[in-house]
Amino acid sequence: MTNTHPLIQVKNLDLHFGAFHALKNVSVDFHAGELIGLVGDNGAGKTTLIRVLCGIYAPSSGEVFFDGKKIEKFHPKLAIDQGIETIQQSVGLCDNLSIARNFYLGREPVKRILGIPFLDFAKMREKSTRVIRQFGLRDNVSADDEVERLSGGERQSVKIGRAVEFMNRVVIMDEPTNHLSVREREHVNELAVQLKEQGLLVIYITHDIFQVHKLADRVVIMENGAKVADASTDAMTAEELEEVIRQGGRLVEKREAV
Amino acid sequence: MTLSIAKPLIRRHAEIGIFLIGAILVVIFASTSDGKWANLYNIGTILQVTATLGLMSLGVALVIGTGEIDISVGSTFGMGALAYLWLAAHVDPSLAAVAAVAVGAAIGLINGLLVTRTGTPSLIITLGTLMIFRGIAIALTEGFSFSVPYAARKGWAYFGLGGGEFLGFNTALYWLIIVLVILMVMLKAMPFGNRLLAVGGSAESAHSRGVRVSRIKLSAFVLCGVLAAFAGTLEAGKLGFADGSMGRLMELQAIASCVLGGCLLAGGRVSLIGALMGAFVLSSIQSYLVVTGVRPQWFILILGLIVVIAAYGDRSLRQWALRK
């Protein structure tokens, strides 16, 4: 809510997968410099919504505006080029490739010889090594190792490190602290706040209500593919927030009626 | 155990198995064929066969690398050979070769578009195109064969395109080496290769990182068609004639070469040099059976048995290497 116009504006978004109505008339604004918690039960449509924002799914109807411009075509390449970086839960790393190769997948740095693009291995290695050291991967893991070798937490760290390294405008984190140790968790949460303070929009999906209440400026609650609440974290306590999620939209309607 | 030193090496290099198998077979073949197998002329023949099968296998390896498969290459090979022979009788062989390769590219494009646009498994699509283009090849030749008149079998271009020898080896072998080097650089040192392997490793993850998965798969199919047709061109150049059955069943040998060579059928892992070694092993086995006078009707049976044993041996070796 720092800027007047939202960085991402979602208007009346619907998404059908065959007969399944995955997103129902979702409208929500996201502003730069905001840390937004996206919460709701499993199957509420959180991941589906962010997969539209990062270009993996195209909506059936409705509109998405980025920085005031309507998005006409949905593809992860276009989203990444615009500065929307996403830390996905189950996808994002190819096990068969090295950390360095994964790090730069889709935007490999090249050195041109006679106009032919060759991978700039030195740069790929140097930058990704720095990031994996910073994110505390085991000392015997090198940037040339295949991702296959990494633990769940290390994989998550690589994804987060990658998202942070390329200076973006939006960082979407889908349950970023899964598989992480307590210390790693803290580090990720600190990072999320840092990114916000640098003026980025951070969208944070989690099941941890108390954590998100502490971190986020605003919480968007989803249920069954629809947005049921959108409120500042100052406006309610963590317990109230939990109650809203448990009861779905009903409590909010009651509160508004009062 | 001292042997366990080799474990990490075998883990990292899936093609080691086929090199061991190749070495063992070479020793066996050389020592049991009374000099009929291990002589310069015969080795030259094996290498010529390896060159054409190998070019086809390299293309198939790229497609397998993306997690798809192309079994239409035998027919593409035949179409390339026919296109080359038909044109080489009229125009310069180099132009005829370009046209033949274009035919291969078109077949690859059809395969690739059908697979990526319809989402149908590539196994079934390319099974269909295997039959379609075999049918066209047979229809085109109507039981006769295409050939280049002896008078036209001359000139640099004709010799350079499989129709002659250089330093004792058929020129096809040099094409194979050139293509191998180019593809290895492409696969390991260029963004295209990085994305191709990513698509095979996890198409979903590659897509989420902005890789245009369909475009990568399409490119692999086109390259595969180009290489199969070019292999057909070189084979046609060597023989000087071809009929509608040219390249029949070669698709199976090409796939076997790739798998024996350490390419993972599920995608994401490709060994080009391994695929070539696989092609060399298959050509060697064929040649061995020929020079030792095994009756042709036993040929496919014995080839199949050796392939199964080699595949099992390779798998056992890799499992051993993966054990801690």
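Which chain is which? The protein sequence lines are A and B, in order.
Everything in the first sequence is counted per the numbering used here, starting at 1 for the first residue and increasing by one.
Everything in the second sequence is counted per the numbering used here, starting at 1001 for the first residue and increasing by one.
Glycine is no exception: its CB is placed at the ideal position from the N, C-alpha and C atoms.
Endpoints, alpha helix (DSSP H) assigned at A:E108
Run containing A:E108: none; DSSP gives neither H nor E here.
Can you tell me where the beta strand (DSSP E) with A:D14 in it begins and where it stops?
Here the beta strand (DSSP E) through A:D14 covers 8-17.
Just to confirm, is the Cβ distance from B:V1026 to B:S1284 under 8 Å?
Yes, Cβ-Cβ distance for B:V1026 and B:S1284 is below 8 Å.
According to DSSP, residues forming a beta bridge with A:K69:
Within the DSSP secondary-structure output, A:K69 pairs in a beta bridge with A:F66.
Have a look at A:F103 and A:S128 and give me their C-alpha separation to the nearest angstrom.
Spanning the two alpha carbons is a distance of roughly 7 Å.
Consider the Cβ of A:H16: report whether some Cβ of chain B lies at a distance smaller than 8 Å.
Interface with chain B (8 Å Cβ-Cβ cutoff): A:H16 is excluded.
Under 8 Å by Cβ, that's how I've got B:L1197 and B:G1065 pegged, so tell me the actual separation to the nearest angstrom.
B:G1065 and B:L1197 do touch by the CB rule: their CB atoms are close to 6 Å apart, below 8 Å.
Rounded C-beta distance between A:V170 and A:L215? I'm assuming under 8 Å.
The beta carbons of A:V170 and A:L215 sit about 16 Å from each other, so the pair does not count as a contact at 8 Å.
Chain B beta carbons: is any one of them nearer than 8 Å to that of A:L105?
Yes, its Cβ sits closer than 8 Å to a Cβ of chain B.
Can you grab the Cα-Cα spacing for the pair B:A1106 / B:G1080, in whole Å?
Cα atoms of B:A1106 and B:G1080: separation of roughly 11 Å, rounded to the nearest angstrom.
Which residues does DSSP pair with A:P76 in a beta bridge?
The partner list for A:P76 (beta bridge, DSSP) is empty, contrary to what the question assumes.
Using a Cβ-Cβ cut-off of less than 8 Å, list which residues of the segment 1203-1215 of chain B approach chain D; keep chain order.
Considering every chain present, this structure includes no chain D. Its protein chains are A and B.
What is the rounded straight-line gap between the Cα of A:S60 and the Cα of B:G1262?
Straight-line spacing of the CA atoms in A:S60 and B:G1262 works out to 43 Å.
At 7 Å on the CB atoms, spell out the chain B contacts of A:I160, in chain order.
Residues of chain B with a Cβ closer than 7 Å to the Cβ of A:I160 do not exist; the shortest Cβ-Cβ separation is about 15 Å.
Looking at C-alpha atoms only, which residue of B:L1167, B:R1153, B:T1171 is the closest neighbour of B:L1161?
Of the residues B:L1167, B:R1153, B:T1171, the one whose Cα lies closest to the Cα of B:L1161 is B:T1171.
By Cβ distance, which residues of its chain are closer than 7 Å to B:I1182, with the 5 residues on each side in sequence left out?
Within the same chain, B:I1182 has no close Cβ partners at all.
Under 7 Å Cβ-Cβ, which residues of chain A neighbour B:L1197?
Listed along chain A, the residues sitting closer than 7 Å to B:L1197 by beta-carbon distance are N96, L97.
My understanding is that B:S1333 touches B:F1241, with C-beta atoms under 8 Å, so please give their C-beta distance in whole angstroms.
There is no way to answer for residue 1333 of chain B, as the model of chain B reaches only from 1001 to 1324.
Quick check on A:N25: does DSSP put it in helix, strand or coil?
Here A:N25 sits in strand by DSSP.
For my contact list, A:P117 and B:P1008 are in at a C-beta cut-off of 8 Å; report their separation, rounded to the angstrom.
Taking the Cβ atoms as the reference, A:P117 lies roughly 32 Å from B:P1008, outside the contact range of under 8 Å.
Short CB-CB distance (under 8 Å) between A:Q88 and chain B:
Yes, A:Q88 counts as interfacial toward chain B.
Quick one: is B:P948 buried, meaning 16 or more other Cβ sit within 10 Å of its Cβ, or exposed?
Residue 948 of chain B lies beyond the range of chain B shown here (1001 to 1324); nothing can be said about it.
Residue from A:G33, A:D41, A:K11 with nearest C-alpha to A:N224:
Checked all of A:G33, A:D41, A:K11; the closest Cα to A:N224 is A:D41.
Taking CB distances under 8 Å as the criterion, tell me whether B:S1316 reaches chain A.
Not closer than 8 Å to any Cβ of chain A, the Cβ of B:S1316 fails to qualify, so no.
I'd like to know whether the C-beta of A:E108 is nearer than 8 Å to at least one C-beta of chain B.
With 8 Å as the cut-off, A:E108 counts as an interface residue toward chain B.
How would you call B:I1024, buried or exposed, if buried means at least 16 neighbouring beta carbons within 10 angstroms?
It counts as exposed.
Between the C-alpha atoms of B:G1163 and B:T1141, what's the straight-line distance to the nearest angstrom?
Roughly 21 Å between the two C-alpha positions.
Near-chain B residues of the segment 69-82 of chain A - C-beta to any C-beta below 9 Å:
Under the 9 Å Cβ criterion, the segment 69-82 of chain A contributes H75, P76, K77, L78, A79, I80, D81.
Where does the unbroken alpha helix (DSSP H) through B:K1036 begin, and where does it stop?
Neither: B:K1036 is in no alpha helix (DSSP H) and is coded neither H nor E.
Measuring straight from C-alpha to C-alpha, what distance separates A:G37 and B:V1259?
If I take the Cα positions, the gap works out to 48 Å.
What does DSSP give as the partner residues of A:V171 in its beta bridges?
DSSP lists A:E85, A:V202 as partners of A:V171.
Quick check on the burial criterion: 16 or more other C-beta atoms within 10 angstroms. Buried or exposed for A:A19?
Burial call: exposed.
Which residue's Cα is closest to the Cα of A:T206: A:N96, A:K46, A:L114, A:G55?
Among A:N96, A:K46, A:L114, A:G55, the Cα nearest to that of A:T206 is on A:K46.
Find out if the Cβ-Cβ distance for the pair B:G1104, B:A1228 is shorter than 8 Å.
Yes.
How many angstroms separate the CA atom of A:E34 from the CA atom of A:Q82?
Just so you know, the alpha carbons of A:E34 and A:Q82 end up roughly 18 Å apart.
The segment 218-232 of chain A in contact with the segment 23-34 of chain A per 3-pair CB rule at 8 Å:
Contact between the segment 218-232 of chain A and the segment 23-34 of chain A is present, because at least three Cβ pairs lie under 8 Å.
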